[in-house]
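S.K.: Residue numbers (the working numbering): 10 to 133. Please find one structure pasted underneath; my questions will follow.
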């Protein structure tokens, strides 16, 4: 029961650390009930341990985001960002593969030139 009661206080504390403007007026005990179900508790435990001030946009970042929205500039959503990351990670990891591909390409070009010479010899 104690951990349930501490949950609301931890939840309010994380809201304070992230700069939620109404956090000082919140009472942790009012949120203890959220931690009573296993599903909620699991999420809220993660939320309270994973979230910090680095996960919050600064005022400047928020203004920049709002300006992009007003200009109707494309903004990637979570799905689109995930796709971009899937595509870009293999490219980053395959820098050594570029060297291997260049070597393979040179070998294929050399083989092609050799086959062209053989063909010319057979024709004449």
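For each residue, glycine too, the CB sits at the ideal point set by N, CA and C.
1) If you draw a straight line from the alpha carbon of residue 94 to that of residue 38, how long is it in whole angstroms?
2) Go ahead and label residue 20 buried or exposed: buried means 16 or more other beta carbons lie within 10 angstroms of its beta carbon, across all protein chains shown.
3) Would you be able to state if there are at least three C-beta pairs under 8 Å between the region 52 to 62 and the region 25 to 41?
4) Can you give me the C-alpha to C-alpha distance between residue 10 and residue 25, rounded to a whole angstrom?
5) Would you kindly work out how many angstroms separate the C-alpha atoms of residue 81 and residue 70, rounded to a whole number?
6) Out of curiosity, what's the CA-to-CA distance linking residue 89 and residue 83?
7) Can you list, in chain order, the residues of its chain whose CB lies under 6 Å from that of residue 17, leaving out five sequence neighbours each side?
M.R.: Based on what the coordinates show:
1) 40 Å
2) buried
3) yes
4) With a pLDDT of 45 at residue 10, under the threshold of 50, the predicted position of this residue should be treated as unreliable, and no value is reported.
5) 17 Å
6) 11 Å
7) 37, 38, 40, 41
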